[in-house]
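First the structure, in the form of structure tokens, and then the observations on it.
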Amino acid sequence: MKSVTLIIAVKSLICELHRQTSCEEDWYVGACTRADAEHALHLVNRDGAFLVRDCSVNSNSEPLVLAVYHEKKVYNVKIRFMQSTSKYALGTGQRSKDVSEMFDSVADIIKFHTIFPIILVSGRNISYLLAPIKKSIIP
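For the sequence shown, counting from 1, position 56 maps to 56 in our numbering; every step adds exactly one.
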């Protein structure tokens with residue numbers, strides 16, 4: 001229980017510090033197909049390369065997708081918006097409803113995972129978000 005409390009406290013502190021600085025959202029590419037996003041990430045060919053794109057299925061509850069390049073694969077992770085709490089979270093929400101996984105903004109998710117690893121594919125792989133991909137390299 002202490003470790004969960006510590007993680008929540010650290011996350012809150014990091015997010016507050018980042019909120020006080022400017023955030024250029026180079027990583028948001030808007031409307032982009034999954035194929036184009038994956039192609040751009042493969043061209044960069046760098047672990048930790050990432051972008052955020054609009055979800056192809058227009059949904060208020062899952063508006064965005066975080067695409068992450070790791071070990072020559074691209075992982076597409078849904079970004080959920082929970083209207084009841086006005087918070088964002090990664091994944092489908094079927095594995096955990098842990099409060100430590102909720103964020104005030106998508107920018108907070110990105111900033112957090114530049115410091116703490118994001119878990120990919122049921123915990124088999126982890127990656128840090130290291131290199132944002134700009135819209136200018138999307139075909």
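Cβ coordinates follow ideal geometry from the N, Cα and C atoms, glycine included.
A quick note: this is a predicted structure, and the numbers were derived from the prediction, not measured.
- By the Cβ neighbour-count rule, K72 is exposed, with fewer than 16 other Cβ atoms within 10 Å of its own.
- Close CB contacts of L120 within its chain, under the 8 Å cut and outside five residues either way in sequence, are with V68, H70, Y75, V77, I126, S127 (chain order).
- When the Cα atoms are used, L51 and K134 turn out to be separated by approximately 7 Å.
- When the beta-carbon positions are compared, D26 and P139 stay at least 8 Å from each other.
- Taken atom to atom, the span from the alpha-carbon of S105 to that of Y28 is near 13 Å.
- The residue among S84, R80, G123 with its C-alpha nearest the C-alpha of I109 is R80.
- Counting along the chain, I119 sits inside the beta strand (DSSP E) bounded by residues 118–120.
- Annotation for G30: R53, D54, K135 place their beta carbon closer than 8 Å to its own, counting only its chain and skipping 5 residues before and after.
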